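Enquirer: Each residue of the sequence shown is one higher than the one before, starting from 1 at the first, in the UniProt record's numbering. The beta carbon of each residue, even a glycine, is placed where N, CA and C say it ideally should be. Because the structure is a prediction, the values reported are computed rather than measured.
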Amino acid sequence: MDWNWKYTDASGAQVVSPLGDQRFPTQADAETWVGETWQDLLEGGIEAVTLRERDREVYGPMGLRPE
């Protein structure tokens with residue numbers, strides 16, 4: 001499987017991740033990675049992420065700012 005994240009900025013526009021294009025073999029790997037890097041993504045201008053399996057959106061957008 002090809003799991004990846006779509007990244008959006010504060011305006012909701014899709015943007016490129018400051019950490020590069022990441023691909024994962026499983027959903028769990030993708031979720032673990034975003035859990036470990038969310039602060040770096042936020043500092044790089046990413047406000048929300050959407051999990052995708054190939055091009056199919058699985059869930060999101062999910063905001064990265066703590067509530």
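Can you pull the DSSP bridge partners for GLN14?
Expert: According to DSSP, which records beta bridges pairwise, GLN14 is partnered with THR8.
Enquirer: With a CB to CB cut of under 6 Å and the five nearest residues on each side skipped, what residues in its chain are close to LEU42?
Expert: Cβ within range, chain order: LEU64.
Enquirer: What span of residues does the beta strand (DSSP E) with THR50 cover, start to end?
Expert: It spans 48-53 - the beta strand (DSSP E) in which THR50 sits, taken as one unbroken run.
Enquirer: Would ASN4 and ALA30 qualify as a contact pair, given that the criterion is a beta-carbon distance under 8 Å?
Expert: Result yes, Cβ atoms of ASN4 and ALA30 sit closer than 8 Å.
Enquirer: What is the DSSP secondary structure of GLY35, counted as helix, strand or coil?
Expert: Helix.
Enquirer: Based on the DSSP secondary-structure assignment, which residues constitute the bridge partners of ARG56?
Expert: Its beta-bridge partners are GLU53.
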